[in-house]
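Peer 1: Just dropping this structure here.
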Amino acid sequence: FQLGFTSGAVASCLSSYNINHLDRFFLSGDKGFAEMQPSTGYGPIKGRTHQGELTQPVTIHQTVQMEEMADIIFANKKPIVSVNGEEALKDLKIIDAIYQAVKTGKKVPLTT
587 FQLGFTSGAV ASCLSSYNIN HLDRFFLSGD KGFAEMQPST GYGPIKGRTH
637 QGELTQPVTI HQTVQMEEMA DIIFANKKPI VSVNGEEALK DLKIIDAIYQ
687 AVKTGKKVPL TT
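If you're matching positions, the sequence shown starts at 587 in the numbering used here and goes up one per residue.
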């Protein structure tokens, strides 16, 4: 699928969790690229950009999420990101627009 932006930029996208266990994230733009492979597992994530290798500590994102939820519930901590469903609704509108575009073969405009 493609996403067009008001600036004129166009993002050509492919997303799948079941493409032969590819476990890869790749982003390419007119000023460089970024890649992570593996990108979703529990071990070290290896990454590089047009400027060289990325070195990041191993962080298991599910652990971070669970610790954050526990702090919100038990310590009355304010969430880092709003948990009212607003961001999820934005995602669902984009996914719905992709389905509509596939069905009709036409661009589907999105508003913010």
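Positions of the beta carbon are idealized from the N, C-alpha and C atoms, including for glycine.
The structure presented is a predicted model; accordingly, all values stated were derived computationally and were not measured.
Roughly how many angstroms lie between the CA atoms of ILE542 and GLY618, to the nearest whole one?
Peer 2: The requested residue 542 is not part of the displayed model; the chain covers only 587 to 698.
Peer 1: So what's LEU613 in DSSP terms, helix, strand or just coil?
Peer 2: Three-state DSSP puts LEU613 in a strand.
Peer 1: When you compare only the Cα positions, how much space is there between ASN662 and GLU654?
Peer 2: About 11 Å.
Peer 1: Going straight from the alpha carbon of ILE666 to that of ASN604, what length do you get?
Peer 2: In a straight line, the C-alpha of ILE666 is about 30 Å away from that of ASN604.
Peer 1: Measuring straight from C-alpha to C-alpha, what distance separates ASP677 and HIS647?
Peer 2: ASP677 and HIS647: Cα-Cα distance of roughly 20 Å.
Peer 1: Going by DSSP, what residue range makes up the alpha helix (DSSP H) through LEU675?
Peer 2: 672–690 is the extent of the alpha helix (DSSP H) around LEU675.
Peer 1: Report the three-state DSSP secondary structure of THR635 (helix, strand or coil).
Peer 2: Looking at THR635 - three-state DSSP - the assignment turns out to be strand.
Peer 1: Per DSSP, which one or two residues make a beta bridge with MET622?
Peer 2: MET622 pairs with PHE611, GLY633.
Peer 1: Under three-state DSSP, which class holds GLU588?
Peer 2: According to the sequence provided, residue 588 is Gln. The question's Glu does not apply to it. GLN588 falls in the strand class under three-state DSSP.
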